[in-house]
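This note's numbering puts the first residue of the sequence shown at 102, with every later residue one more than the last.
Note that CB positions come from ideal geometry on N, CA and C, so glycine has one too.
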Amino acid sequence: MSRFARIIMWVLLWGALFVALAYFLPKTVEVERSADVKAPVKTVYAQIIDLHQWDHWSPWKRMGENVSVEYINHGVGLGGGYVWRNENKENSGAIIEIIEANPWSKVAVSLDFMQRGEALSTFSLAEKGAETKVTWTLTYDVGNNPFARWIGLLMKKSMGTDFDNGLVKLKALCQVIENEGAHVILLDTVDEMQYAGIRETVPFIEVSREMSVMYGEISKFLAQNEIEMAGMPFALYHLMDEENIDLECGIPIDANVEGNRTVKVATFPMTACACLDFYGDYSNLQEGHTAVQKWLETHGFNLASAPMEIYLTDPQQEPDPANWVTRICYPVEK
Numbered sequence: 102m103s104r105f106a107r108i109i110m111w112v113l114l115w116g117a118l119f120v121a122l123a124y125f126l127p128k129t130v131e132v133e134r135s136a137d138v139k140a141p142v143k144t145v146y147a148q149i150i151d152l153h154q155w156d157h158w159s160p161w162k163r164m165g166e167n168v169s170v171e172y173i174n175h176g177v178g179l180g181g182g183y184v185w186r187n188e189n190k191e192n193s194g195a196i197i198e199i200i201e202a203n204p205w206s207k208v209a210v211s212l213d214f215m216q217r218g219e220a221l222s223t224f225s226l227a228e229k230g231a232e233t234k235v236t237w238t239l240t241y242d243v244g245n246n247p248f249a250r251w252i253g254l255l256m257k258k259s260m261g262t263d264f265d266n267g268l269v270k271l272k273a274l275c276q277v278i279e280n281e282g283a284h285v286i287l288l289d290t291v292d293e294m295q296y297a298g299i300r301e302t303v304p305f306i307e308v309s310r311e312m313s314v315m316y317g318e319i320s321k322f323l324a325q326n327e328i329e330m331a332g333m334p335f336a337l338y339h340l341m342d343e344e345n346i347d348l349e350c351g352i353p354i355d356a357n358v359e360g361n362r363t364v365k366v367a368t369f370p371m372t373a374c375a376c377l378d379f380y381g382d383y384s385n386l387q388e389g390h391t392a393v394q395k396w397l398e399t400h401g402f403n404l405a406s407a408p409m410e411i412y413l414t415d416p417q418q419e420p421d422p423a424n425w426v427t428r429i430c431y432p433v434e435k
């Protein structure tokens, strides 16, 4: 046998061995990393469920001058996603979509790397006192290609490093948000509720006084009908100009009763909203409204109906305005 023939035989033998051993390697690559974040679970969840925030921490953020991103369903919440493309390379990019969203506990994201396969990324959250434990898992099916299976061994190490770096950035981002008291805005649902309310057009400069009168009338109506509050008071801002506000004040109830000439009984429908829990005096609420309005613009949402304020704190029980919490909700068209 010639030397050349022996070389060819050994190449074929090693090639066959390479392929044979590949099929003993895992078809599925799984990477998992965890980190403790010094922030409430709500703050951490908000950075994961909103793909616009991924640019601040994720190793999969869009990079380069020739990369384009097109958001799907505004890029936030269940069904939100984006299509990432490299304009210089054909079939280079990814489609990312949120396929599971359990508030405060889990977010699952599907990853379609086009010709490079598909993967599933899961974020599990667990509150630990003042901290949140984040467990980030990725499962990637490398298929039956023997070369892909060998590459999978390298992927596990390299992607593990990416995950570690991403979690470090996520921790830093959440801690900055908490330290600076930055606003945390989430896409949420305001449940259907029956309420007793009053709607009037009032002068802008008289809003506080008029609201006090309106809630007084509603409370009187509830007392006369022996009805208890079924939730915290709220206000709807239907229309507003420089001088007047079309204002509706309401208190949730759970009773079959008719209204009178002053107080109406109506039903607020279940509504998807961009929501912010604002901490502080009512006189500073415009800061919260501005933050939500900017969020809507950034995410491409249109306002569907009147913005709402839900007053979660009773000032008679909590005298310090710094501890008052007002939920600001802007209904959106999904």
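With DSSP run on the structure shown, which of helix, strand or coil describes residue i?
| i | result |
| --- | --- |
| Cys430 | strand |
| Ile149 | helix |
| Pro353 | strand |
| Asp213 | strand |
| Met289 | The amino acid at residue 289 is misidentified as Met; the sequence shows Asp. Reduced to three states, the DSSP call for Asp289 is strand. |
| Lys143 | helix |
| Leu268 | helix |
| Met371 | coil |
| Leu274 | helix |
| Gly282 | coil |
| Asp437 | Look at the range of the chain in this structure, 102 to 435, and you will see that residue 437 is not part of it. |
| Thr236 | strand |
| Asn361 | coil |
| Asn187 | strand |
| Gly345 | It is Asn, not Gly, that sits at residue 345 in the sequence shown. Note: Asn345 maps to strand in three-state DSSP. |
| Ala423 | helix |
| Asp415 | coil |
| Gly261 | helix |
| Gly182 | strand |
Less than 7 Å between C-beta atoms, sequence neighbours within five positions excluded: which residues of the same chain meet that for residue i?
| i | result |
| --- | --- |
| Glu344 | Pro304, Phe305 |
| Gly145 | Checking the sequence shown, residue 145 turns out to be Val, not Gly. Val138, Leu226, Thr233, Val235, Cys275. |
| Pro160 | Asp263, Asn266, Gly267 |
| Ala202 | Ile150, Gly178, Leu179, Val208 |
| Gln417 | none |
| Gln148 | Gln154, Trp158, Leu271, Leu274, Cys275 |
| Val358 | Asn326, Ile328, Val366 |
| His175 | Gly181, His400, Gly401, Phe402 |
| Val393 | Ile286, Ala375, Leu377, Ile429, Tyr431 |
Quick test of your reading: residue i and residue j, contact by CB under 8 Å. State the CB separation rounded to the nearest angstrom.
| i | j | result |
| --- | --- | --- |
| Val168 | Trp185 | 7 Å |
| Val291 | Cys350 | Not really, about 16 Å apart at Cβ, beyond 8 Å. |
| Gln295 | Val364 | The pair is not a contact, with the Cβ atoms about 13 Å apart (cut-off 8 Å). |
| Tyr293 | Pro370 | Note on identity: in this sequence residue 293 is Glu, with Tyr being the wrong assignment. With 8 Å as the limit, Glu293 and Pro370 qualify as a contact, their Cβ atoms being about 6 Å apart. |
| Phe335 | Ile411 | 5 Å |
| Leu212 | Ala195 | 6 Å |
| Phe379 | Gly389 | 4 Å |
| Leu152 | Ile197 | 7 Å |
I'd like the list of long-range same chain contacts for residue i, defined as Cβ closer than 6 Å, with 5 residues on each side in sequence excluded.
| i | result |
| --- | --- |
| Leu438 | With the chain covering 102 to 435 only, the question about residue 438 has no answer from this structure. |
| Thr414 | Trp425, Val426 |
| Leu340 | Asp347 |
| Pro408 | Tyr338, Tyr431 |
| Ala356 | Ile328 |
| Met260 | Val132 |
| Ser206 | Leu226 |
| Ala405 | Pro432, Val433, Glu434 |
| Gly360 | Val366 |
| Phe125 | With a pLDDT of 43 at Phe125, under the threshold of 50, the modelled position of this residue cannot be trusted; read the value that follows with caution. Excluding sequence neighbours, Phe125 sits near nothing in its chain. |
| Met315 | Ile299, Cys350 |
Could you please give the first and the last residue of the uninterrupted beta strand (DSSP E) stretch that includes residue i?
| i | result |
| --- | --- |
| Thr302 | 294-304 |
| Glu198 | 194-203 |
| Tyr412 | 409-412 |
| His339 | 335-341 |
| Ala227 | 219-229 |
| Tyr172 | 168-173 |
| Tyr383 | Note, Tyr383: premise wrong, no beta strand (DSSP E); not H, not E. |
What is the residue span of the alpha helix (DSSP H) that residue i lies within?
| i | result |
| --- | --- |
| Lys321 | 308-325 |
| His400 | 386-400 |
Please check if any C-beta of chain D sits within less than 8 Å of the C-beta of residue i.
| i | result |
| --- | --- |
| Ala331 | No chain D appears in the structure shown, which is made up of a single protein chain. |
Ordered along the chain, which non-local residues of its own chain (more than five positions away) have a Cβ less than 8 Å from that of residue i?
| i | result |
| --- | --- |
| Lys229 | Asp137 |
| Ala283 | Val277 |
Check whether the Cβ of residue i lies closer than 7 Å to any heavy atom of the ligand ATP, and answer yes or no.
| i | result |
| --- | --- |
| Ile429 | By its list of ligands, the structure shown contains no ligand whatsoever, and the ligand ATP lies outside what it can speak to. |
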